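J.:
Residue numbers (this note's numbering): 5 to 89.
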């Protein structure tokens with residue numbers, strides 16, 4: 005079942021941009037921050053919200069964390085809206 009965290013995460017335009025970027029390839033926070041022209045702390049907060057909603061997952065690679073898109077949550081969201089329709 006879709007929870008409010010997903011809707012909150014998707015309510016921000018920058019978080020939607022992050023999802024679009026991660027849909028194409030996994031990325032590090034510093035690369036995402038550069039592409040979106042936001043500070044690293046700001047990117048960290050966006051990624052925290054997205055991860056909390058289950059929209060992104062992480063993989064530790066040495067001292068770095070690689071972020072990638074988790075399509076299953078959006079698939080559940082599509083099913084949710086299809087049921088409404």
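For glycine and all other residues, C-beta sits at the position ideal for the given N, C-alpha and C. Since the model is a prediction, treat every value here as computed from it, not as a measurement.
Considering only residues of the same chain and omitting the five flanking positions on each side of residue 27, which have a CB-CB separation below 6 Å?
T.: In the chain shown, the residue the question calls residue 27 occupies position 23. Contacts found: 73.
J.: Would you mind giving the Cβ-Cβ distance between residue 9 and residue 75, rounded to the nearest angstrom? I have them listed as a contact below 8 Å.
T.: Within the chain shown, residue 9 is the residue found at index 5, counting from 1. Within the chain shown, residue 75 is the residue found at index 71, counting from 1. That pair is no contact at about 17 Å.
J.: I need the straight-line Cα distance from residue 20 to residue 34, nearest angstrom please.
T.: Stepping through the chain shown from its first residue, residue 20 is reached at position 16. Stepping through the chain shown from its first residue, residue 34 is reached at position 30. Each residue's Cα considered, the two are about 17 Å apart.
J.: Any idea what DSSP makes of residue 91, helix, strand or coil?
T.: Here the chain has residues from 5 to 89 only, and residue 91 is not among them.
J.: What span of residues does the beta strand (DSSP E) with residue 71 cover, start to end?
T.: By one-based count along the chain shown, residue 71 stands at place 67. Run containing residue 71: 68-73, per the beta strand (DSSP E) assignment.
J.: If you reduce the DSSP assignment to three classes, tell me which class residue 87 lands in.
T.: Mapped onto the chain shown, residue 87 falls at position 83. Residue state, collapsed to three classes: helix.
J.: Go through its chain and collect everything with a Cβ distance to residue 51's Cβ below 8 Å, but skip five positions before and after it.
T.: Within the chain shown, numbered from 1, the residue matching residue 51 stands at position 47. Same-chain partners within the cutoff: 22, 33, 36, 60 and 71.
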